[in-house]
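As you go down the protein sequences, you meet chains A and B in turn.
According to my numbering, the residues represented by the first sequence are 862 to 1181, in order.
According to my numbering, the residues represented by the second sequence are 3 to 462, in order.
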Amino acid sequence: MNARPRPGVPWRRAVLVVMAASGLALGTAAATAAPGKPPAHRTAAAARAVSAPAASTCDPTASSLRPSGPPQVTSGSFMAKIRARGYLIAGVDQSTYRFGFLNPLSNQIEGFDIDMVRAVAKAILGNSNPGTVHFRAISDAQRIPDITNGTVDIVAHTMTITCDRLKLVDFSSVYFLAAQRVLVLKSSKAKSLDDLHGQKVCATHGSDSVDRIKQHHAIAVQVPYWTDCLVLLQQGDVVAISTDDSILDGLAAQDPWTMIIGPQLTSEPYGLAISKQHPEFVRFVNAVLQQLRTDGQWKSIYTRWLGTPVKNPPPAHYAG
Amino acid sequence: MTTSVGVSPGPVTTVPAVRRAWWRPRLDGATTPARLRLLLALLILLSLAWGVLAALTADQHASAAADVVAVSEPLSLDAEQIYTSLSDADATAANAFLAGGLEPTKARQRYQADITEAAIRIEAASALVGSSAARTQLPGHLAKQASAAGTAVGDDLAILSGQLPAYTDEVGTARADNRLGLPLGAAYLREASALLRETLLPAASDIYTRESALLTSASAQATGLPLIVVAVVAALGLGYVFFRSSRWLSRHTHRMVNYGLLLATLAGLVSLVWLVSAFVVGRGDLLYAQQQGSAPAQAFARAEVAALQAHADESLTLIDNSGEDSYQQDYLAQQKLLGPGPGTLLAAVQAAAGSGGPGRDVAAEARAWYQAHAALRATDDAGNHADAVKSAQSGDAATTFARLSTTLSEGIDTHQAVFAASARGGRDAFTGLAVGMIAASLVMVAGCAWGLSRRLAEYR
C-alpha cells in the first residue's frame, strides 16, 4: 500500500483500522503522502517506535472498555458521587491553543479537550451551567499522578494512549488522532525532519517528540511549554518545532509566518485518562464519546476549534 | 601644655650622668646659641610633622566621608532603585497582563515609569563608576576595594544596560500577542520575567551588595578610631616637648614667657581640639546616618523586593497556570522570607521602624495580603479563574498588596532622607579640616621661629 497515491477518506479509514489493529501506526499512510521521499525506512522506524513497548498483546487504540448502552448515572457509581458533589474535576492544559488554553479575552479555559470534558460533565449533571466543571491546569508530568491519587476525576490533555500508560491508568476510546510533524518558518528550505540534521529543534521536556527528534539526528532543545518553543522559533534560537500536528496547528495559528512540513512521523491516539478504580466511569465516558461521534457534535466541536475541512471522528474500538 | 610661667628648676639637674641620653653630653658642651638653633630646628620639624599627621588624619576621614556622600551612598541608592524598579516592572507587567488586551492605563504608566527610572539609574550609576576619580582619593585599602568593586559593578551595569532593552522588547511582544488573544503572549511574558529574574535582578543585586559593603567600609573608615588615636597621642607628645622647651627657655633666657612658643602651643591646641571635635561630630552623624538611615532603608528595601517578587508570582500563576505551579511555590518561598516572624525580612523592618513611622503595622498588612492571596488561590483552584483574576487586579488581593507595598516604599523614602541629611552633616563636619590643620602647623612654625629668633638675636 506504500506505492498507492494519496488515499481518499473511506479507504484511509479502512487502512487506519487495519493498521491500528496490527499495532502499526499511521506512519505508513503518512509516508505515502510525502512527495519525493522514500518512505521505507521512516515507516520502519515509526512502526518500531510504536510497537516497541507493545511487546504483549497491547493495542493502544483498542484497549478501552465497551459502553453498556447510552450514558447512565447508576446509583453507587463514581458518576453518582460526582453528581452528589455537584461538579466534575478535570485536569487540563492551559497553554495548548485550540485544545486546552486560557482565552485571555474571556479568562476561561477553552478548546477541543475542554469541550470533551464539558460533554462528560453535562451527561453526569444534566446541565452545563458555569461551575459544573472545576478545571485544574496541570503539567504533562502531573497527568498520571493526579489520576492515580484521585486529585482529578478525568484528564483531557492532548494525552496519547500508550501501552506504558495503560499499565497505570485507564483511557477512554480514541477521541482524536494526531501525528508528529514539524513546524518551521515559511522562509525555511527544509521539507522534513531529515533536512534538519544537526540543527536545533524544539520540544517540551520529556515529551516523546524529543526521542523522535534525536532519532532524526537533530539537536533537541527542551523547554517547559509548547508556546515557549514558538518563542524560540520566532527569536531564531531553534529552526523548527516537532510534535503532534494538533499542537503544531495551534502554534501555526498564532504565527502566520510558520508552516507545517513533512510526513506524519507517528500516530498519536488521544484518550481521556481515568483511574483504574472506576471502570464504570470509563464505560460511561465511552458512551458519551459515542454519542458525540454519532449525533454530529464531535464534528461541530472539530469545526469550532480546528476549522474545515472537517475530519471524521476516529472510530471506537474496545478491548472486548 | 601651656607655656610654663615661673617654674623652678626641674629634675633635669638631678639626673645622674650615667643615665643621661647619648645626645646630652654633646648638647651640654655646646653654646647656648647653638642649642637654641637646634631647638628651633626641632620645634619647626615637629610642628610640620604634626601638620602633616593632622592633615592626613583629617583627609582620611574627610575623603571617606565624602565618598559615603558622593559615591557610595548614591551608588547603593541607585542599585537599590534599579532593583526595586525592575521588580516593580515585573509585578506590574504581569498584573496588567491579566487584564488581557485592555490593559489599565495606570498599570501601563507605572510600568513605563519603572523602566524609565531603572534606565536613568543605570546611566547615573555608570557615570559614577566611570568617574572613579572621586575614589582615587580614598585611603589605600579602601581604594583597592573600590577599584575591585568598580570593575565588577561596571560589568553588572553593562549587563543591565544591555539586557534591559531585550526585556522591554519581550514584554512588548507579550502585550501585542495578548492583545490578539493568543496564548503565545503568556510565553513571552514568562520569558521576559525569567530574563529579569535570572539576569537583570542578579546584576542589580550584585551592585547593591558591593556598594553596600563599600558604603559600610567607607563609613567605618570615616568613623574609625586608629588614626585619630595616633594623632591625639602625637599631639600630647608634642605638647610635652613644647612644655619642656619653654621651661628650658625660661631658665636660660631669664624671661618668664616666650610669646612665640605660647602662640605655637595655642595653635597646636586649637588644631587638636578642632580635629577631635570634628571627628566626634562627624562620627556621630555618620553612625546615626547608618543606624537610623541606611540600615533601616535596606531592611525596607529587601522586604519590598521580596513582596514585589511574590506579587509578580501571584499574577504569573494566574497567567500561566500550566500546572507546574512553580510560581506559586516561589510565592510561598517569598512569603516565608518576608515573615513576619523571628529572623524574617519583616521582623527586620519592624525592628527598624520602632514604635513610630511607617512599618508599625507591616505584619498585619502582610498577613492580610497572604489571606487574600490564599482565598484567591482557592477560588482559582476551584475553577473560578475569572474571580481570582478580579481579586488580583482590583479585589482583596490587589488592595491588601497595595497597602503593604505603600508602607514599604514610604519606609525606604523616610529612612533614605534621614541617611542623606545625617551623612551630609557628617561630611560637612570635616569640611576645611585638613587645610585648617596645615594652617595651624604653619602658625606653629611661625610662632617657634619668631619666639626663638628673638632670643637668638640677643647673642649677636
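Heads up, the beta-carbon is just placed ideally off N, CA and C, and yes, glycines get one too.
Out of curiosity, what's the CA-to-CA distance linking residue 300 of chain B and residue 436 of chain B?
33 Å
Could you name the residues of the same chain whose beta carbon sits closer than 7 Å to that of residue 440 of chain B, not counting the 5 residues immediately before and after it, in chain order?
Counting only Cβ-Cβ distances below 7 Å, and skipping sequence neighbours, we find 53, 57.
To the nearest angstrom, report how far apart residue 99 of chain B and residue 955 of chain A are at their CA atoms.
16 Å
Is the Cβ of residue 97 of chain B closer than 9 Å to any Cβ of chain A?
no
Pull the bridge partners of residue 1129 of chain A from the DSSP assignment, please.
A:1039
Going by the CB atoms, is the gap between residue 1037 of chain A and residue 1175 of chain A shorter than 9 Å?
The answer is yes: Cβ separation under 9 Å.
When you compare only the Cα positions, how much space is there between residue 456 of chain B and residue 262 of chain B?
9 Å
Residue 113 of chain B beta carbon less than 9 Å from that of residue 210 of chain B:
no
Please work out which residues of its chain come closer than 6 Å, Cβ to Cβ, to residue 909 of chain A, disregarding the five sequence neighbours upstream and downstream, and give them in chain order.
Note that residue 909 of chain A has pLDDT 38, beneath the 50 cutoff, so the model's placement of it is unreliable and the number below is only indicative. For residue 909 of chain A, where only same-chain residues beyond five positions count, there are no Cβ hits under 6 Å.
In three-state DSSP terms, what is residue 83 of chain B?
Correct three-state label for residue 83 of chain B: helix.
At least 3 beta-carbon pairs within less than 8 Å: the segment 421-431 of chain B vs the segment 362-380 of chain B
Judged by pairs of C-beta atoms under 8 Å, the segment 421-431 of chain B does not touch the segment 362-380 of chain B, as fewer than three such pairs exist.
In angstroms with no decimal places, state the Cα-to-Cα distance between residue 193 of chain B and residue 1089 of chain A.
8 Å
Proximal residues to residue 371 of chain B (C-beta, below 6 Å), its chain only, five neighbours per side dropped:
402, 403, 406
Cβ of residue 186 of chain B less than 9 Å from any chain A Cβ?
yes
Please list, in chain order, all residues of the same chain as residue 1008 of chain A whose beta carbon is under 6 Å from its beta carbon, the five residues on each side excluded.
1016, 1030, 1134, 1136
Using a C-beta cutoff of 9 Å, does residue 321 of chain B count as contacting chain A?
yes
Which of helix, strand or coil does DSSP assign to residue 994 of chain A?
In the three-state scheme derived from DSSP, where H, G and I count as helix and E and B as strand, residue 994 of chain A is classed as strand.
Can you grab the Cα-Cα spacing for the pair residue 400 of chain B / residue 930 of chain A, in whole Å?
51 Å
I want to see whether chain A comes within less than 9 Å of residue 192 of chain B, judged by CB atoms only; does it?
yes
Residue 1112 of chain A and residue 1044 of chain A closer than 9 Å at C-beta:
yes
Between which two residues does the beta strand (DSSP E) holding residue 971 of chain A run?
Counting along the chain, the beta strand (DSSP E) containing residue 971 of chain A begins and ends at 969-971.
Quick one: using the 10 Å Cβ neighbour count with 16 as the cut-off for buried, is residue 1118 of chain A buried or exposed?
exposed
Using a Cβ-Cβ distance cut-off of 9 Å, determine whether residue 164 of chain B contacts chain A.
no
Please work out which residues of its chain come closer than 6 Å, Cβ to Cβ, to residue 1152 of chain A, disregarding the five sequence neighbours upstream and downstream, and give them in chain order.
none
Tell me the DSSP bridge mates of residue 1021 of chain A?
According to DSSP, residue 1021 of chain A shares a beta bridge with A:1131.
Between which residues of its own chain and residue 153 of chain B is the CB-CB distance below 6 Å, once the five residues before and five after are set aside?
none
Residue 1083 of chain A touches chain B at which residues, Cβ-Cβ below 7 Å?
By Cβ distance, chain B contributes nothing, its closest Cβ being about 14 Å from residue 1083 of chain A, past 7 Å.
Of the choices B:207, B:235, B:310, whose alpha-carbon is the least far from that of residue 92 of chain B?
B:310
Using beta-carbon positions only, say whether residue 319 of chain B and residue 364 of chain B come within less than 9 Å of one another.
no
Can you give me the C-alpha to C-alpha distance between residue 352 of chain B and residue 1059 of chain A, rounded to a whole angstrom?
58 Å
Return the first residue and the last residue of the beta strand (DSSP E) that residue 484 of chain B is part of.
Missing from the structure shown is residue 484 of chain B; chain B here goes from 3 to 462 and no further.
Are there 16 or more other CB atoms within 10 angstroms of the CB of residue 62 of chain B, so buried, or fewer, so exposed?
buried
Cutoff 6 Å; reference residue 1164 of chain A; Cβ partners in own chain excluding five residues on either side:
1171
Measure from the alpha carbon of residue 995 of chain A to the alpha carbon of each residue in A:950, A:974, A:982, then state which is nearest.
With distances taken between CA atoms, residue 995 of chain A lies nearest to A:950 out of A:950, A:974, A:982.
Starting from residue 964 of chain A, follow its DSSP beta bridges and name the residues at the other end.
Its beta-bridge partners are A:969.
Considering only the beta carbon of each residue, do residue 1183 of chain A and residue 1144 of chain A sit closer than 9 Å?
This structure leaves residue 1183 of chain A out entirely; chain A is present only between 862 and 1181.
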